[in-house]
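According to this note's numbering, the sequence shown is numbered sequentially starting from 55.
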Amino acid sequence: MPRFAFRIEYLGTPFNGWQRQDGQPSVQQAVEEALARLNPTEPRIAAAGRTDTGVHATGQVAHADLARDWDPARLLEAVNHHLKPAPVAITACARVTEDFHARFSAIERRYTFRLVARRAPVVFDAGQVWQVRHRLDAEAMRAGAAHLLGLHDFTTFRASLCQAKSPVKTLDEITIDEHPYPAGQEIRFHLRARSFLHNQVRSIVGTLERVGAGAWEPDRVKQALEARERAACGPVCPPQGLTLTGVGYPQDPFA
C-alpha cells in the first residue's frame, strides 16, 4: 500500500487534542474520517507528536497507508474538501517510502508559545495566546532560559503522568522574542529539541513568566532544574498559546 506524508495545520480549540479517543473530538479522528471518504476502509494515521487539548499546529506531520496511489496534489485537495468545516487543513502532501514514519523518523520538533501582556482583554487573538496583565522583562527571562539549554534531567518540568521512559532530554534551542502588541506586549518563546516530555514546554514557559514578572530571580530556574522535583516548577501555563510549528527529518519529505 502506498504511504503518504501530510503536513497538517489546525486550531486546537474545539478538539480534545490530537489523539483519537472515544466520545471526544480529536484532530486524528477528523483527518482519518476525511481519508475514509477516499479509501475503501478508514485508515489509521501516525503523527509526529500528540498535542494536548487546546494546543494548535502549523507544522504537524502524519503519515497514512492508502489503497490507491494518488497524485499528492489531488490527494491534498480531496482531503481538504472532506475536512470542511473543521479548523484543520493539509498544507503539504508527499508520497514517501514505506520506511518513513512520522514519529520515529523525526529528528527534531519545534514549538512556539505566544504570551500577551496587557490589561485589556485580548480579542482578535483570543484562544491563541496566553494573556497576563503585567509587563514582562524579556531579558530576565532570557537569562533564566539559558540554564535550560543542553542535556539535562527535566524531571522538574515534566508532567506527573508523563509516559516517557527517561526525563533526560536535550533542549537545542530556546529563544525569546519581544514584539509590539496593541496596548501591550507580546513575547514569543521558540523551543527546539529532538523530543519533548509531556507538558515540558508549558512548564518551562510558566516558570519563565515568573522570572519575567519579577517573582523569581533568573538563577532560580537553575535551582528548580537541579532539584529534579515537580514541586520546584513554576505554574504550568495554559495550552492555548502553544503551537507545534515544525518537525524535522533527515530528508524533508515535502521538499
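Yeah, the Cβ is synthetic: ideal placement off N, Cα and C, and Gly gets one too.
So, under 8 Å CB-CB, Cys291 and Arg256 are touching, yes? Tell me the CB distance rounded to an integer number of Å.
5 Å
Proximity winner among Ser159, Gly288, Phe58, Arg168, relative to Gly198 (alpha-carbon distances)
Gly288
Whose C-beta lies closer than 7 Å to the C-beta of Leu203 among residues of the same chain, with five residues either side of it excluded?
Leu225, Ile228
Can you give the Cα-Cα distance for Ile75 and Arg104, rounded to whole angstroms?
Sequence check: residue 75 is Gln here, not Ile. Roughly 12 Å between the two C-alpha positions.
Jot down the residue ranges of each uninterrupted beta strand (DSSP E) in the segment 213–254, minimum 3 residues, whole runs only, in chain order.
222–235, 238–247
My output table needs one value for Gln185: the three-state DSSP class, helix, strand or coil.
strand
Determine, using beta carbons only, whether Ala84 and Ala156 come nearer to each other than 8 Å.
no
Trp124 to Arg57 span [Cα, whole Å]:
Cα to Cα, the separation comes out at about 10 Å.
Residues of its chain near Asp106, where Cβ-Cβ distance is below 7 Å and the 5 sequence neighbours each way are ignored:
Gly71, Pro293
Under 8 Å between C-beta atoms of Gln239 and Arg212:
No, these two residues do not count as a Cβ contact at 8 Å.
The alpha helix (DSSP H) that contains Ala197, what's its start and end?
192–199
Taking Arg61 and Thr145 to be in contact with their CB atoms under 8 Å, please state how far apart those CB atoms are, rounded to whole angstroms.
About 5 Å separates the beta carbon of Arg61 from that of Thr145, a gap short enough to meet the 8 Å contact definition.
Cβ neighbours of Tyr303 in the same chain (closer than 7 Å, five flanking residues each side left out):
Ser159, Ala160, Ile161
Does the segment 265–281 come within contact of the segment 182–193, defined as at least 3 CB pairs closer than 8 Å?
These segments touch.
Would you kindly report the start and end of the unbroken alpha helix (DSSP H) that includes Val275?
Annotation: the continuous alpha helix (DSSP H) that includes Val275 extends over 273–281.
When the Cα atoms are used, what is the spatial distance from Ala134 to Arg91?
Reading off the sequence, residue 134 comes out as Asn, not Ala. Taking the straight line joining both Cα atoms gives about 11 Å.
Please list the terminal residues of the continuous beta strand (DSSP E) segment that includes Glu162.
162–171
How about Ala171 and Pro272: do their beta carbons lie closer than 8 Å?
no
Between the C-alpha atoms of Leu120 and Lys138, what's the straight-line distance to the nearest angstrom?
Answer to the nearest angstrom: the Cα atoms are 21 Å apart.
Can you tell me which of the three DSSP states Ala25 falls into?
Nothing can be reported for residue 25: it is not among the residues displayed for the chain, which extend from 55 to 309.
Could you tell me the alpha carbon to alpha carbon distance between Ser249 and Ala116, rounded to whole angstroms?
16 Å
Rank His110, Trp184, Val186 by C-alpha distance to the C-alpha of Pro141 and give the top, closest one.
His110
Between the alpha carbons of Ala278 and Leu296, how many angstroms are there, rounded?
22 Å
Ala102 vs Gln114 beta-carbon contact at 8 Å:
yes
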